[in-house]
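**Q** Let me give you the structure first, and then I'll get to my questions.
Number of protein chains: 2
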Amino acid sequence: MADFDLLRTLVQPAQTKIVLLVMDGLGGLPRAEDDRTELEAAHTPHMDRLAREGCLGQHYPVGIGITSGSGPGHLGLFGYDPLKYEIGRGVLEAVGIGFHVTPRDVCARGNFCTLDDQGRIIDRRAGRISTEECARLVHKLNNAHIKLDADVEVFVEPVQDYRFVVVMRGDGLAGQIEDTDPQRVGAQPLPARARDAASERTAALFNRWIAQALEVIRDEHPANGLTLRGFAKEPGLPKFQDVYGLRAAAIAVYPMYRGVAALVGMARIDHQARTVQEQFEVAARIWPDYDFFFIHVKYTDSRGEDGNFAAKQAVIEEVDAALPALLALKPDVLIITGDHSTPSQLRSHSWHPVPLLLWAPATARRDGSTHFGERACARGGLGTFHARDIMPLALAHAQRLQKFGA
Amino acid sequence: MADFDLLRTLVQPAQTKIVLLVMDGLGGLPRAEDDRTELEAAHTPHMDRLAREGCLGQHYPVGIGITSGSGPGHLGLFGYDPLKYEIGRGVLEAVGIGFHVTPRDVCARGNFCTLDDQGRIIDRRAGRISTEECARLVHKLNNAHIKLDADVEVFVEPVQDYRFVVVMRGDGLAGQIEDTDPQRVGAQPLPARARDAASERTAALFNRWIAQALEVIRDEHPANGLTLRGFAKEPGLPKFQDVYGLRAAAIAVYPMYRGVAALVGMARIDHQARTVQEQFEVAARIWPDYDFFFIHVKYTDSRGEDGNFAAKQAVIEEVDAALPALLALKPDVLIITGDHSTPSQLRSHSWHPVPLLLWAPATARRDGSTHFGERACARGGLGTFHARDIMPLALAHAQRLQKFGA
């Protein structure tokens with residue numbers, strides 16, 4: 025129900041602090057032996073206390089039955105309907121390696137490939153070259169003084185194995201461009217073709233870049249070719265400060281989550297934290313400077329994708345053990361949830377609703393919950409809702425929304 | 025998801041009776057001493073029996089996190105999306121004092137103010153003159169024979185202290201007009217300026233009225249000036265009879281709730297009832313003449329806004345004690361709920377979901393509830409939904425909706 029035009033008219037200033045603590049892929053499925061999920065099996069005395077003092081519910085990141093990727097999952101948490109707002113694949117790849125995407129950028133994902141002497145693709149992944157080899161080739165491309173228009177810059181960055189990103193920066197660029205990857209061997213890479221008039225110039229610039237880049241790597245082996253796909257302009261999302269009146273900070277270990285947060289206007293906090301405890305210490309350091317703190321814990325998802333129930337449970341327990349440091353900051357509103365479910369039994373993201381805990385000492389309607397878990401959340405006082413309703417709820421409990429109508 | 029076009033195609037006649045019993049501001053927060061809300065703490069044997077025989081749920085008047093005013097709260101209960109349908113401030117003020125607003129009316133809220141000899145505002149509230157003084161000035165204005173077009177009538181009515189309403193009645197009037205209140209001292213009142221072409225004539229008429237009204241009060245002190253704001257035309261809402269096929273009656277003590285009900289086509293029942301018991305007696309008297317009975321209890325909200333937990337609880341108990349008189353009428357569908365939450369701890373409206381009890385002896389799916397309270401409602405069989413879904417639910421249980429599709 026997040027209607028940004030409505031929220032803009034209702035937002036009022038306050039001195040309150042909101043923490044959104046995201047355990048990536050939090051939701052799980054009960055295992056056979058004791059019918060408990062990772063969250064239900066975990067020893068979480070602090071979260072259980074917060075559940076008793078707060079209120080539970082569960083949310084759908086995108087919609088019922090829809091398995092969400094990390095990008096849409098986080099957009100949902102931040103209040104943006106993922107079906108309306110989209111972060112293009114090229115941009116997501118760029119922010120995923122920590123590249124600072126600007127509103128003047130068009131990003132594309134690249135694959136090195138192997139071409140035959142007719143220019144036809146014979147290996148779409150260039151024999152899965154190593155990340156080091158990828159970095160060497162990217163370095164070579166960046167040093168080749170490829171010529172484009174004087175007011176356009178190009179950045180090439182290695183990702184992993186045969187994958188890289190290309191970012192073109194300039195005024196008036198647009199990203200409605202077809203993939204050059206023909207998605208099969210035996211075909212030549214396609215030219216970058218604009219889907220609309222506004223993208224014609226950008227497509228032509230990418231074609232000029234591709235032609236010169238192919239000259240640079242023509243004698244390489246096996247990576248003597250390349251394809252680009254997922255062209256996307258920086259999405260121009262409404263910003264947290266503008267929509268919610270919040271100075272927001274992202275405390276994330278993985279670049280992609282910092283990047284997505286930056287796209288909605290959050291400050292990307294530089295830090296060396298590697299543990300949850302250290303992330304909370306970063307929050308303490310910057311506490312006076314921000315109103316909203318997005319703290320992202322990655323390893324719940326990673327261990328879920330590994331299929332390791334016990335290890336995912338252990339990450340949840342690590343978060344719980346660190347919680348006193350966060351609570352010592354006395355947030356006015358603390359929301360603990362995930363961006364999607366990643367049941368370790370499925371070893372992948374899933375469509376199951378995501379448990380959510382809302383703690384707000386002054387205003388939460390306690391719902392009789394005694395612990396934080398999927399089944400308690402399904403019966404919680406907040407009911408079942410869309411992820412995009414979380415931000416209005418947080419703002420309300422932070423006394424940051426005026427009454428609607430008389 | 026009340027879709028009026030859909031409902032119109034499905035509505036069928038029936039002999040059934042629906043009662044919507046609204047305890048204003050019903051929802052609360054649990055107090056520390058026993059973790060109970062006002063509704064949970066209240067001794068409500070009749071409602072608890074209805075909960076056992078019926079089905080519970082909770083609703084959001086406008087949306088998650090949004091604190092609703094009384095106008096949008098009631099529009100939601102009546103099935104109108106408050107984000108789509110709006111009752112302008114001037115109209116709400118007029119109906120709030122019992123003025124019968126018609127489709128030919130444009131209403132504005134007025135403030136008496138104090139002007140200096142340059143016509144600049146030196147006190148926006150004219151020293152907060154008494155309601156009696158306000159009534160005297162309004163009487164003077166109404167008797168001054170202010171000249172406008174022959175086919176236009178003007179009504180001025182006192183509200184409270186320095187506040188009054190002006191209603192202009194005529195064909196082709198429109199309300200897209202800027203406030204004349206400059207919202208600060210030291211400035212002259214602004215002319216009424218139309219925001220669209222359709223409102224040009226109405227704005228000009230208001231300016232002619234203002235100029236003559238200022239002559240009438242020019243020698244008054246301190247109220248020698250006035251400002252107007254919240255210009256609004258009668259909203260032209262779809263009517264209960266047309267959308268739902270219901271002959272509807274409003275039994276409310278406060279004029280504003282009768283007025284809002286009248287705007288959706290309910291009959292405004294004149295009565296002297298002051299207690300809930302007496303309101304139910306009014307329902308009994310008019311029972312054969314209507315299909316739908318909106319009964320509004322104000323004091324749950326008033327006592328919540330006073331911060332008086334025990335007094336709000338007592339109002340709920342008064343309603344419960346009176347219920348046998350209502351049940352003796354044998355309604356086919358009885359819905360007991362609120363238009364928003366007003367927790368006495370917050371002394372104000374809040375965004376928390378509102379408990380709802382649906383009793384329909386023939387068709388309610390009993391959900392195992394044993395009593396009526398916020399937490400029972402959060403776990404109730406109806407789940408969590410938008411207020412605008414209540415009317416379709418009531419119609420369905422009243423056998424007033426046909427099957428959709430074959």
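Which chain is which? The protein sequence lines are A and B, in order.
Position one of the first sequence corresponds to residue 25 (this note's numbering), numbered consecutively onward.
Position one of the second sequence corresponds to residue 25 (this note's numbering), numbered consecutively onward.
All C-beta atoms in this analysis are idealised placements derived from N, C-alpha and C, irrespective of residue type, glycine included.
Just so you know, these numbers come straight off a predicted model, no measurement behind them.
1. Could you list the residues in the stretch 54 to 76 of chain B with a C-beta less than 9 Å from some C-beta on chain A, going in chain order?
2. One question on the structure: do histidine 16 (chain A) and tyrosine 84 (chain A) come within less than 7 Å of each other, judged by their Cβ atoms?
3. Just to confirm the assignment, what range does the alpha helix (DSSP H) spanning isoleucine 234 (chain A) have?
4. Any contact between the stretch 223 to 243 of chain B and the stretch 66 to 85 of chain B? By contact I mean 3 or more CB pairs, one from each, below 8 Å.
5. Measure how close the beta-carbons of arginine 133 (chain A) and glycine 114 (chain A) come, nearest whole angstrom, since I'm counting them as under 8 Å.
6. Using three-state DSSP, classify threonine 251 (chain A) as helix, strand or coil.
7. Only counting the same chain, and skipping five residues up and downstream in sequence, which positions put a Cβ closer than 7 Å to that of glutamate 329 (chain B)?
8. To the nearest angstrom, report how far apart glutamate 341 (chain B) and serine 326 (chain A) are at their CA atoms.
9. Please name the residue, chosen from B:Ile241, B:Met415, B:Ala422, that lies closest to leucine 30 (chain B) on a Cα-to-Cα basis.
10. Can you list the residues of chain A that threonine 408 (chain B) reaches, using a CB-CB cut of under 8 Å?
11. Quick one: what does DSSP say tyrosine 186 (chain A) is sitting in, helix, strand or coil?
12. Taking 7 Å as the CB-CB limit, is threonine 361 (chain B) close to chain A?
13. Residues of the stretch 389 to 406 of chain A with a CB closer than 9 Å to any CB of chain B: list them in chain order, please.
14. Taking 6 Å as the limit between beta carbons, can you name the residues of its chain near arginine 149 (chain A), skipping five residues before and five after?
15. In its own chain, which residues sit with a C-beta less than 8 Å from the C-beta of valine 357 (chain A), not counting the 5 before and 5 after it?
16. Is the beta carbon of glutamine 200 (chain B) closer than 7 Å to that of arginine 144 (chain B)?
17. Provide the residue(s) that pair with tyrosine 84 (chain B) in DSSP beta bridges, ordered along the chain.
18. Please tell me whether alanine 420 (chain A) has its Cβ less than 7 Å away from any Cβ of chain B.
19. Please report the Cβ distance between glutamate 398 (chain B) and arginine 389 (chain A), rounded to the nearest whole angstrom; I am assuming they are in contact, meaning their Cβ atoms lie under 8 Å.
20. What do you reckon, are the CB atoms on leucine 353 (chain B) and alanine 308 (chain B) nearer than 7 Å?
21. Taking the beta strand (DSSP E) that methionine 47 (chain B) belongs to, which residues open and close that run?
22. Taking the CB atoms as reference points, tell me whether glutamine 426 (chain A) and leucine 53 (chain A) lie closer together than 7 Å.
23. Report the three-state DSSP secondary structure of threonine 61 (chain A) (helix, strand or coil).
24. What residue ranges within the stretch 74 to 158 of chain B form continuous alpha helix (DSSP H) runs of no fewer than 4 residues, ordered along the chain?
25. Is there a Cβ of chain B sitting closer than 7 Å to that of proline 377 (chain A), yes or no?
26. Which of helix, strand or coil does DSSP assign to serine 326 (chain A)?
27. At a Cβ threshold of 7 Å, is valine 284 (chain B) touching chain A?
28. What three-state label does DSSP hand valine 180 (chain B) in the structure shown?
29. With DSSP as the reference, label leucine 270 (chain A) as helix, strand or coil.
30. Whole angstroms are fine: how far does the CA of leucine 238 (chain A) sit from the CA of glutamine 265 (chain A)?
31. Just the Cα atoms here: how many angstroms apart are isoleucine 360 (chain A) and leucine 287 (chain A)?
32. Kindly indicate which three-state DSSP category isoleucine 293 (chain B) falls into: helix, strand or coil?
33. Tell me which residue opens and which closes the beta strand (DSSP E) that aspartate 379 (chain B) is part of.
34. I'd like to check one pair, serine 393 (chain B) with alanine 38 (chain B): are the Cβ atoms closer than 7 Å?
35. So, at 6 Å on beta carbons, what are the nonlocal neighbours of glutamate 64 (chain A) in its own chain, with the 5 sequence-adjacent residues on each side left out?
36. Can you list the residues of chain B that glycine 429 (chain A) reaches, using a CB-CB cut of under 9 Å?
**A** A quick look at the data gives this:
1. Pro54, Asp59, Thr61
2. An answer regarding residue 16 (chain A) cannot be provided, because it is not within the stretch 25 to 430 covered by chain A.
3. Reading the first sequence from its first residue, position 210 is the one you call residue 234 (chain A). 224 to 241 is the span of the alpha helix (DSSP H), which, as asked, contains isoleucine 234 (chain A).
4. At 8 Å Cβ cutoff, the stretches do not touch.
5. Walking along the first sequence from the start, residue 133 (chain A) turns up at place 109. Walking along the first sequence from the start, residue 114 (chain A) turns up at place 90. The Cβ separation is near 5 Å, so the contact holds.
6. As a first step, residue 251 (chain A) is located in the first sequence; it is residue number 227 there, counting from the start. Three-state result, threonine 251 (chain A): strand.
7. Position 305 of the second sequence, counting from 1, holds the residue named residue 329 (chain B). Cβ within range, chain order: Thr366, Arg371, Ser372.
8. Counted from its first residue, the second sequence places residue 341 (chain B) at position 317. Counted from its first residue, the first sequence places residue 326 (chain A) at position 302. Cα to Cα, glutamate 341 (chain B) sits roughly 54 Å from serine 326 (chain A).
9. Within the second sequence, the letter at position 6 stands for residue 30 (chain B). When each option's Cα is compared against that of leucine 30 (chain B), the closest is B:Met415.
10. As a working mapping, residue 408 (chain B) is identified with position 384 in the second sequence. Going along chain A in sequence order, the residues near threonine 408 (chain B) (Cβ under 8 Å) are Leu406, Gly407, Thr408, Phe409.
11. Looking up residue 186 (chain A) in the first sequence gives position 162. DSSP, reduced to helix, strand and coil, places tyrosine 186 (chain A) outside both helices and strands of the structure shown, so it counts as coil.
12. Locating residue 361 (chain B) in the second sequence gives position 337, where the first residue counts as 1. For threonine 361 (chain B), the answer is no, since every Cβ of chain A falls outside 7 Å of its Cβ.
13. Arg389, Arg390, Asp391, Gly392, Arg403, Gly404, Gly405, Leu406
14. On the first sequence, position 125 is the one that residue 149 (chain A) refers to. The residues are Tyr186.
15. The count along the first sequence starts at 1 and reaches residue 357 (chain A) at position 333. Counting only Cβ-Cβ distances below 8 Å, and skipping sequence neighbours, we find Thr40, Lys41, Ile42, Val43, Leu382, Trp383, Ala384, Ala418, His421, Ala422.
16. Mapped onto the second sequence, residue 144 (chain B) falls at position 120. Mapped onto the second sequence, residue 200 (chain B) falls at position 176. Their beta carbons are not under 7 Å apart, which means arginine 144 (chain B) does not touch glutamine 200 (chain B) by this criterion.
17. As a working mapping, residue 84 (chain B) is identified with position 60 in the second sequence. Looking at the DSSP assignment, tyrosine 84 (chain B) forms a beta bridge with B:His410.
18. Translated into the one-based positions of the first sequence, residue 420 (chain A) becomes position 396. So yes, alanine 420 (chain A) belongs to the interface.
19. In the second sequence, the residue the question calls residue 398 (chain B) occupies position 374. In the first sequence, the residue the question calls residue 389 (chain A) occupies position 365. About 6 Å separates the two Cβ atoms, so the contact holds.
20. Within the second sequence, numbered from 1, the residue matching residue 353 (chain B) stands at position 329. Within the second sequence, numbered from 1, the residue matching residue 308 (chain B) stands at position 284. Closer than 7 Å, so yes.
21. Taking the first residue of the second sequence as position 1, residue 47 (chain B) is located at position 23. Looking at the DSSP string, the run of the beta strand (DSSP E) that includes methionine 47 (chain B) is 42 to 47.
22. Sequence index remark: in the first sequence, residue 426 (chain A) carries index 402 (1-based). Sequence index remark: in the first sequence, residue 53 (chain A) carries index 29 (1-based). For glutamine 426 (chain A) and leucine 53 (chain A), no; Cβs fall outside 7 Å.
23. On the first sequence, residue 61 (chain A) is found 37 positions in, with the first residue counted as 1. If DSSP states are grouped into helix, strand and coil, threonine 61 (chain A) belongs with coil.
24. Fully enclosed alpha helix (DSSP H) runs of no fewer than 4 residues occupy 94 to 101, 113 to 120 of the stretch 74 to 158 of chain B, in order along the chain.
25. Position 353 of the first sequence, counted from the start, is the residue given in the question as residue 377 (chain A). By this cut-off, proline 377 (chain A) is not an interface position.
26. Residue 326 (chain A) sits at position 302 when you count from the first residue of the first sequence. Here serine 326 (chain A) sits in helix by DSSP.
27. Here the question's residue 284 (chain B) lines up with position 260 in the second sequence. Chain A, which has no Cβ nearer than 7 Å to the Cβ of valine 284 (chain B), makes this no.
28. Position 156 of the second sequence, counted from the start, is the residue given in the question as residue 180 (chain B). For valine 180 (chain B), the three-state secondary structure derived from DSSP is strand.
29. For the purposes of this step, residue 270 (chain A) is taken as the residue at position 246 of the first sequence. Of the three classes helix, strand and coil, the one that applies to leucine 270 (chain A) here is coil, per DSSP.
30. Counting from one through the first sequence, the residue named residue 265 (chain A) turns up at place 241. Counting from one through the first sequence, the residue named residue 238 (chain A) turns up at place 214. Distance between the alpha carbons of glutamine 265 (chain A) and leucine 238 (chain A) is about 43 Å.
31. One-based indexing of the first sequence puts residue 360 (chain A) at position 336. One-based indexing of the first sequence puts residue 287 (chain A) at position 263. Distance between the alpha carbons of isoleucine 360 (chain A) and leucine 287 (chain A) is about 22 Å.
32. Numbered from 1 along the second sequence, position 269 holds the residue referred to as residue 293 (chain B). Residue state, collapsed to three classes: coil.
33. Taking the second sequence and counting its residues from 1, the one referred to as residue 379 (chain B) is at position 355. A quick correction: the sequence has proline, not aspartate, at residue 379 (chain B). It spans 378 to 383 - the beta strand (DSSP E) in which proline 379 (chain B) sits, taken as one unbroken run.
34. Reading the second sequence from its first residue, position 14 is the one you call residue 38 (chain B). Reading the second sequence from its first residue, position 369 is the one you call residue 393 (chain B). No, the Cβ-Cβ distance between alanine 38 (chain B) and serine 393 (chain B) is not below 7 Å.
35. Numbered from 1 along the first sequence, position 40 holds the residue referred to as residue 64 (chain A). Same-chain partners within the cutoff: Gly397.
36. On the first sequence, residue 429 (chain A) is found 405 positions in, with the first residue counted as 1. Val86, Ser92, Gly93, Ser94, Gly95, Pro96, Gly97, Leu99, Pro106, Glu110, Ile111, Arg113, Leu116, listed in chain order.
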